[in-house]
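*Asks:*
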Amino acid sequence: MARLRRYWQDWLSGGGYLMLLVAGLQFQSALAWVGIAATILVLAVLAWLANLRRQRAIADTPTSRIASAAQGYVELVGSGRAYADLPVLSPTHRLPCLWYRYRHFVKDNEDKWRQTEMDESVSPFLLDDGTGLCQIDPSEAEVSAKRKETYLDGDNKVEEELLLAGDPLYAIGEFSSDGAEQVRFDERQELADILNDWKAYPDDLKRRFDLDRDGVIDDREWQRALDEARREMERRRAATLARVVNHRLTRPRFGRPFLVAAFPPEQLAGRYRLRVWLHGLAGMASLVGLAVALQTAV
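Take the sequence shown: its letter number 52 is residue 306 in the working numbering, and every next letter is one higher.
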């Protein structure tokens with residue numbers, strides 16, 4: 255599955271057209287070029303639609319905060335953290351990381367690089383946005399890393415892509431939470447506890463809420479204290495939920511994009527927008543080529 259997903263990602267970025275054109279050079283038949291042009295046209299349309307869908311998903315989905323995100327399709331922005339403080343180790347240098355993609359190439363007799371091995375980590379990691387932690391399952395996501403290294407050793411080449419702890423992280427997918435049903439809140443009791451805590455220190459209470467400094471907290475000032483107590487209650491509730499609720503981001507239903515990237519959403523959307531133009535141009539060029547090949551064939 256990881257291999258197929260990677261090939262699809264390569265095609266979405268336009269990496270497959272050159273391969274088809276090189277294959278076409280092996281044939282002298284006009285009919286062969288008809289088939290190749292038609293294949294490029296179909297694939298260009300599919301890739302154009304797929305990139306447009308990803309670009310629109312990023313542009314149309316507002317950023318949510320983990321602590322308050324609704325269940326369903328959401329966009330999250332934060333930084334990466336190792337799951338349970340257990341990092342993955344990269345294959346090449348055993349570097350602690352959140353995720354890796356590894357590809358090994360060998361130079362053949364024609365002095366060309368041939369891929370012989372590919373691997374991609376599937377262990378979950380966390381996205382931290384300051385309000386909570388969300389577990390991300392990369393096994394079915396399209397992951398785009400910023401850190402890419404190439405290592406050469408004679409006739410061997412290794413390409414490695416990494417996400418490291420602390421890297422900026424963007425993700426869009428199906429958000430779900432569990433554990434919240436175990437928590438029960440009592441607003442009246444919570445407010446009473448907070449106000450009793452404050453009343454235990456009357457000097458601090460007056461310093462914060464006795465605005466006219468007459469030594470007495472009047473009705474208007476007490477209402478201000480109640481409003482602040484409610485805000486404190488919400489902060490305490492959020493901290494409680496962060497400890498007991500598990501948030502996850504997984505592959506969405508209905509084939510919606512599941513993307514994880516070390517890029518801000520604006521930059522990622524820009525990359526897909528550029529690909530939309532490139533695949534559109536490739537589709538138009540292949541349509542012209544198909545017409546020429548058909549005329550030549552007949």
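The C-beta atom is built at its ideal place from N, Cα and C for all residues, glycine as well.
Work out the CA separation of V376 and D395 for me, nearest whole Å.
*Replies:* The sequence shown places Ala at residue 395, rather than the Asp named in the question. Rounded to whole angstroms, A395 to V376 spans 10 Å at the Cα level.
*Asks:* Taking the runs of the beta strand (DSSP E) that are 3 residues or longer, which of them lie wholly in the region 335-415?
*Replies:* 353-361, 367-374, 379-382, 387-390, 396-398 and 401-407, all fully within the region 335-415.
*Asks:* To the nearest angstrom, report how far apart D457 and A515 are at their CA atoms.
*Replies:* Between D457 and A515, the C-alpha separation is close to 51 Å.
*Asks:* Is it the case that the region 395-404 contacts the region 412-419, given that we only count it when at least three CB pairs across the two stretches are under 8 Å?
*Replies:* Contact between the region 412-419 and the region 395-404 is present, because at least three Cβ pairs lie under 8 Å.
*Asks:* Using the beta-carbon count (16 or more within 10 Å), is Y261 buried or exposed?
*Replies:* At Y261 the pLDDT is 48, less than 50, meaning the model places this residue with poor confidence and gives no usable figure here.
*Asks:* If you reduce the DSSP assignment to three classes, tell me which class A323 lands in.
*Replies:* It is coil, neither helix nor strand.
*Asks:* With 16 as the cutoff for other CB atoms within 10 Å, does S540 come out buried or exposed?
*Replies:* Buried: at least 16 other Cβ atoms inside 10 Å.
*Asks:* Can you round the beta-carbon distance between P519 and A311 to whole angstroms, since I take them to be within the 8 Å contact cut?
*Replies:* Actually they are not in contact, since the Cβ atoms of P519 and A311 sit about 10 Å apart, beyond 8 Å.
*Asks:* Taking 8 Å as the threshold (C-beta atoms), are L330 and L503 in contact?
*Replies:* Result yes, Cβ atoms of L503 and L330 sit closer than 8 Å.
*Asks:* Give the DSSP bridge partners of H501, in chain order.
*Replies:* Paired residue(s): C388 and S431.
*Asks:* Just the C-alpha distance for R505 and G386, rounded to the nearest angstrom, thanks.
*Replies:* Distance between the alpha carbons of R505 and G386: 20 Å.
*Asks:* Suppose the cutoff is 6 Å on Cβ atoms and the five residues either side in sequence are ignored; what does the same chain contact list for A523 look like?
*Replies:* Cβ neighbours of A523 beyond the five flanking positions: Q309, I312 and A313.
*Asks:* Using 8 Å as the threshold, is the C-beta distance between V328 and S344 below it?
*Replies:* No.
*Asks:* So, for D464: in the same chain, excluding its five sequence neighbours on each side, which residues have a beta-carbon less than 8 Å away from its beta-carbon?
*Replies:* The residues are V470, I471 and E475.
*Asks:* Would L381 and G334 qualify as a contact pair, given that the criterion is a beta-carbon distance under 8 Å?
*Replies:* Taking 8 Å as the Cβ cut-off, L381 and G334 qualify as a contacting pair.
*Asks:* I need the straight-line Cα distance from R527 to Y356, nearest angstrom please.
*Replies:* Rounded to the nearest angstrom, the two C-alpha atoms are 27 Å apart.
*Asks:* DSSP beta-bridge partners for Y424?
*Replies:* Paired residues: V331 and A515.
*Asks:* Answer with buried or exposed for N305, where buried requires no fewer than 16 other C-beta atoms within 10 angstroms of its C-beta.
*Replies:* N305 is buried by the Cβ-count criterion.
*Asks:* With DSSP run on the structure shown, which of helix, strand or coil describes L300?
*Replies:* In this structure, L300 counts as helix in the three-state DSSP scheme.
*Asks:* Would you grab the beta carbon distance between R491 and F439 for me? Rounded to a whole angstrom, and I think it's under 8 Å.
*Replies:* Contact flag correct, Cβ pair sits at about 6 Å.
*Asks:* If you follow the alpha helix (DSSP H) that A446 is part of, which residue opens it and which one closes it?
*Replies:* Here the alpha helix (DSSP H) through A446 covers E441 to K453.
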